[in-house]
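Student: The structure that follows is given in the form of structure tokens.
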Amino acid sequence: NAGVTQTPKFQVLKTGQSMTLQCAQDMNHNSMYWYRQDPGMGLRLIYYSASEGTTDKGEVPNGYNVSRLNKREFSLRLESAAPSQTSVYFCASTSRFGSYNEQFFGPGTRLTVL
Amino acid sequence: AQTVTQSQPEMSVQEAETVTLSCTYDTSESNYYLFWYKQPPSRQMILVIRQEAYKQQNATENRFSVNFQKAAKSFSLKISDSQLGDTAMYFCAFIPNTGNQFYFGTGTSLTVIP
């Protein structure tokens, strides 16, 4: 099992450019999440999808859109990148059934917006 | 509102010594799951230990153990026999049993000194 995979690992954008971060999990998890991590601020939730076909805003959704393409894939789109979106982005998934409940994380994407 | 507070931004410990990282949380839920995650310089988020709130017994995983005080809403992590590989950022997190959103603290940066 690959677990949670993210692409790309690194990306540099110019202000105003758009891009999509891809995330996939092979653990048959129902819930998927996108976080951003900035120094001193921990992990902040951007969007999450509790189950296939649903998405909800988290703490910092402005400037982002998401798509739960199917049960495996959950993408994050920046329509018009801004320097404030320079961050490390993590995708995560969890089962929410049984006694597990912990989140499994992807390796992260370091995004720089110039 | 559900919040997680880690009041120690940075800590250090001598190799082979014991260190305790603090975490408090606020929730009106009666059942939930608590976690400690480790993030080494590689950026990968790794689950260290988890605790189910309805279990009174404190969880242990080898050198890692927790002190879970439900009434005080406290969930501290004790690392015994600290090793250089324990140098990392540590995040406390919880999820209520009735919800889908995880709540993370801002992290504690731990340095193990040789």
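In the order they appear, the protein sequences are chains S and Z. FYI, the working numbering numbers position 114 of the first sequence as 114, with every residue one higher than the one before it. FYI, the working numbering numbers position 70 of the second sequence as 70, with every residue one higher than the one before it. Idealized CB from N, CA, C, for every residue including glycine. Since this is a predicted model, take the numbers as computed values, not measurements.
Give a yes or no on whether the minimum CB-CB distance between Phe104/Z and chain S is below 8 Å.
Tutor: The sequence position of residue 104/Z within the second sequence is 104, counting from 1. With 8 Å as the cut-off, Phe104/Z counts as an interface residue toward chain S.
Student: For Asp81/Z, which three-state DSSP category applies?
Tutor: In the second sequence, residue 81/Z corresponds to position 81, counting from 1. Coil at Asp81/Z, not helix or strand.
Student: Find the residues of chain S that neighbour Asn31/Z, judging by a C-beta separation of less than 8 Å, and give them in chain order.
Tutor: Taking the first residue of the second sequence as position 1, residue 31/Z is located at position 31. Those within 8 Å of Asn31/Z in chain S number zero; the least Cβ separation is about 11 Å.
Student: What does Phe91/Z touch in chain S if you count any residue whose Cβ is under 8 Å from its own?
Tutor: One-based indexing of the second sequence puts residue 91/Z at position 91. Those within 8 Å of Phe91/Z in chain S are Gly42, Leu43.
Student: Starting from the beta carbon of Ile95/Z, find every residue of chain S whose beta carbon is closer than 7 Å, and list them in chain order.
Tutor: On the second sequence, position 95 is the one that residue 95/Z refers to. Per Cβ cutoff of 7 Å: Asn101.
Student: Residue range of the beta strand (DSSP E) that Thr20/S falls in?
Tutor: For the purposes of this step, residue 20/S is taken as residue 20 along the first sequence, with counting starting at 1. Note, Thr20/S: beta strand (DSSP E), 19 to 25.
Student: How is Ser49/S classed by DSSP in three states: helix, strand or coil?
Tutor: The residue labelled residue 49/S in the question sits at position 49 within the first sequence. Strand, per DSSP.
Student: Taking CB distances under 8 Å as the criterion, tell me whether Phe10/S reaches chain Z.
Tutor: In the first sequence, counting from the first residue as 1, residue 10/S sits at position 10. So, not an interface residue.
Student: So which of Met11/Z, Gln8/Z, Asn31/Z has the shortest CA-CA distance to Ala71/Z?
Tutor: For the purposes of this step, residue 71/Z is taken as the residue at position 71 of the second sequence. Checking every option, the nearest Cα to that of Ala71/Z belongs to Asn31/Z.
Student: Along the chain, where does the beta strand (DSSP E) that runs through Pro96/Z open and close?
Tutor: Residue mapping note: residue 96/Z aligns to position 96 of the second sequence, counting from 1. 88 to 96 is the span of the beta strand (DSSP E), which, as asked, contains Pro96/Z.
Student: What are the residues that DSSP puts in a beta bridge with Val60/S?
Tutor: In the first sequence, the residue the question calls residue 60/S occupies position 60. Val60/S is not bridged to any residue.
Student: Distance check for Gly16/S and Ser76/Z, CA to CA, integer angstroms please.
Tutor: Walking along the second sequence from the start, residue 76/Z turns up at place 76. Walking along the first sequence from the start, residue 16/S turns up at place 16. When rounded, the distance between both Cα atoms is 43 Å.
Student: With DSSP as the reference, identify every bridge partner of Ser28/Z, one or two as the case may be.
Tutor: To locate residue 28/Z, count along the second sequence from 1; it is residue 28. Looking at the DSSP assignment, Ser28/Z forms no beta bridge with any residue, so it has no partner.
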